[in-house]
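Note that the protein sequences, when read in sequence, are chains F and X.
So the first sequence is numbered by the working numbering: it starts at 6 and just counts up by one.
So the second sequence is numbered by the working numbering: it starts at -10 and just counts up by one.
Virtual Cβ for every residue (Gly too), placed ideally from N, Cα, C.
Bear in mind that the values here come from a model prediction, so they are computed numbers and not experimental data.
Scroll down for the structure; my scribbles are underneath it.
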Amino acid sequence: MASAPALRLDGLTRRFDTVTAVDHLDLEVPAGSVFGFLGPNGAGKTTTIRLALGLLEPTAGRAEVLGRDVATDGDAVRRACGVLLEHTGLYERLSAVDNLEFYARLWRMPDDARRARIRELLEHFGLADRQRELVATWSRGMKQKLALARALLHRPAMVFLDEPTAGLDPVAAASLRSDVLELARREGVTAFITTHNLDEAERTCDAVRVIRAGRLIAQGSPAALRARGGRQIVTVRGARFGGAVGVLRARPEVERVEQSDGRLEIELKSEVPVAPLVRLLVDHGADVEEVHKGAASLEEAFLALLDENGDGAG
Amino acid sequence: MNDAITVAWKEMREILARGGAFRRGRTLTRTLLFPIGIGLLFGFQSGRATDTSGRSFGVFFVGLFAMTTAGALVIDAIAGERERHTLETLLASPASDRALLAGKIGAVVGYAWAIALVQLAAIEIGAVLGGRAIPAWVIVVVGVLSALEATLGAAFGVQFSLRAPTVRAAVRKQGLYSLIVSIVAAGVNGVVAAPASAVVHIVAAAVGVTVLLTADAALLAIARARFRRGRLLLD
């Protein structure tokens, strides 16, 4: 039996004066998945999270989180969710322990469980040594880890992470990604992650959606999205390509051919076998030493999608 | 109720940590120095003088400080949270709108009122040192009035904080209104403490309490209606 989605948005819309930040958004996030929500700046990612948590009132449509309607049962939705929003939201005049203590009390964790969980998380994130220091004195990376600890404090069924690795060094970012994945696998937590980092989405997410100007423009697994980006690049190393380049360019499946310093880059319009092209090169006198076939990166697919839908990623 | 107490606990810790460093002792001493100094001065003057103008001035300042302190702190607790980017995360917690507002107002009123009581005690000490104590009933009535004045200052400040992106913007919006309201409300203390017959004192105290209670109730009701998490994040 398929489980109910952790997040369901039906025609969700939010207008700010003349700007429509989220435009009739329909979305379902499977329970227990790590879900990536991609889009350029101003696409509506953060507004979507705010609407899902009841921090903004929708102009139209509805949001349902863990089976509860956000409009009528917002407090229960927020009780079941953890958040790491665009800003860490930490009280910099307070210590790390006080920050966690405050939110643990708001989530009404019993005294013993609260203290044990705070200790566990501070140790897990390597923050225990400085737990009594003011958060204002901490580095950006430490604050981000503390904010993630706060999001996980009450063992939520779903976490919303808005650009969670922004500003983190590669080691800290990898550690955070691994924490999220572990959480999803071990505890069945659903993670809704917005990110600009497409490499991160590819490494972390089971499924992704791309949003632009408040509308979904693509969905699927990272691999499917890459395929939808449509480009396939064949790189050939060797010599004497001259006679073959013109013939290649005339082939219907070839989008573009570029030659430079013993290297030929062939961009194909779609997924096609490469062997006939290699044979054609050889038949026209090329000395082929190495052939590498690669799909477009998720980033290339993402940019292609944005181009298809009206503009670049700027 | 639990959530409101938790929010008040956090607010109080933030208030005590104001000034950029968590040096509660120093912050508190600095905060208390001025009201205690003013209280001792006016109290001593009142004790030495043949009339009671010093005592009226003293208790007037008790009300004025209570209102302005509560107003400034509540602006920091709402517009300041927004400015420091902590409000959104707080709103994403399960605490109800009512608990959030009650916790914030409760903490700032409690803090402002505590300072008012310290100032009032300083006035009485000054008066005793000056040779003539202030009647206990004046101290009690002004103590009650200052709680209502602190609540008025907080409820007034909330109105200007709900849509202000920064503390400075909220203070600018508030403009002179706050000062005028504070002077008028604190003036009630001065009238209550001024020389007059017992009947006039009783009537002034009753009218003052009634007016302040009504104003507090009205402004708190408006604050409660306007403090809705779906409308607190600015576009």
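Reference X:Ile211; option with closest CA among X:Leu151, X:Gly52 and X:Gly119: X:Leu151
Threshold first: 3 residues or longer. Then list the beta strand (DSSP E) segments lying entirely within the segment 46 to 101 of chain F, N to C. 65 to 70 and 86 to 89
Give me the residue from F:Gln264, F:Arg231 and F:Ala244 with the minimum Cα distance to F:Ser275. F:Arg231
With a cut-off of 8 Å, do at least 3 Cβ pairs link the segment 45 to 58 of chain X to the segment 105 to 120 of chain X? yes
Could you tell me the alpha carbon to alpha carbon distance between X:Ser135 and X:Leu202, rounded to whole angstroms? 11 Å
DSSP beta-bridge partners of F:Glu15: The sequence given here has Asp at residue 15 of chain F, not Glu. Answer by DSSP bridge pairing, in chain order: F:Arg67.
Distance cutoff 8 Å, beta carbons only. Does F:Asp116 sit that close to anything in chain X? no
Evaluate the contact criterion for the segment 189 to 196 of chain X versus the segment 59 to 69 of chain X: three or more CB pairs, one atom per stretch, below 8 Å. no
For F:Arg160, decide whether its Cβ has a neighbour in chain X, counting only Cβ atoms nearer than 8 Å. no
Does X:Phe11 get closer than 8 Å to chain F when you measure Cβ to Cβ? Any reading at X:Phe11 is ruled out, since the residue's pLDDT is 45, under 50, leaving its predicted position unreliable.
F:Pro35 and F:Pro10 closer than 8 Å at C-beta: yes
Name, please, each residue of chain X whose Cβ falls closer than 9 Å to the Cβ of F:Leu60. Glu77, Leu80, Ala81, Arg218, Gly219, Leu221 and Leu222
Assign F:Gly219 to one of three DSSP states: helix, strand, or coil. coil
Roughly how many angstroms lie between the CA atoms of X:Gly28 and X:Leu223, to the nearest whole one? 42 Å
Assign X:Asp205 to one of two classes, buried (16 or more other C-beta atoms within 10 Å of its C-beta) or exposed (fewer than that). buried
Report the residue ranges of all alpha helix (DSSP H) runs contained in full by the segment 58 to 88 of chain X; include only those spanning at least 4 residues, in chain order. 76 to 80
Give the range of the beta strand (DSSP E) segment to which F:Ala26 is assigned. Val24 to Val34
What do you get for F:Gly159, buried or exposed, if any count of 16 or more other CB atoms within 10 angstroms of its CB means buried? It should be pointed out that residue 159 of chain F corresponds to His in this sequence rather than to Gly. F:His159 is buried by the Cβ-count criterion.
Please identify, using Cβ separations under 7 Å, the residues of the segment 69 to 92 of chain F that lie next to chain X, in order along the chain. Asp80, Arg83, Arg84, Val88, Leu90 and His92
Tell me the DSSP secondary structure of F:Leu43 in three-state form. strand
Beta-carbon proximity list for X:Ala105, same chain, < 7 Å, skipping 5 on both sides: Val51, Phe54, Ala55, Ser135 and Ala139
What are the residues in the segment 134 to 159 of chain F lying within 7 Å of chain X by C-beta distance? Leu139
Would you kindly report the start and end of the unbroken alpha helix (DSSP H) that includes F:Met147? Arg145 to Leu157
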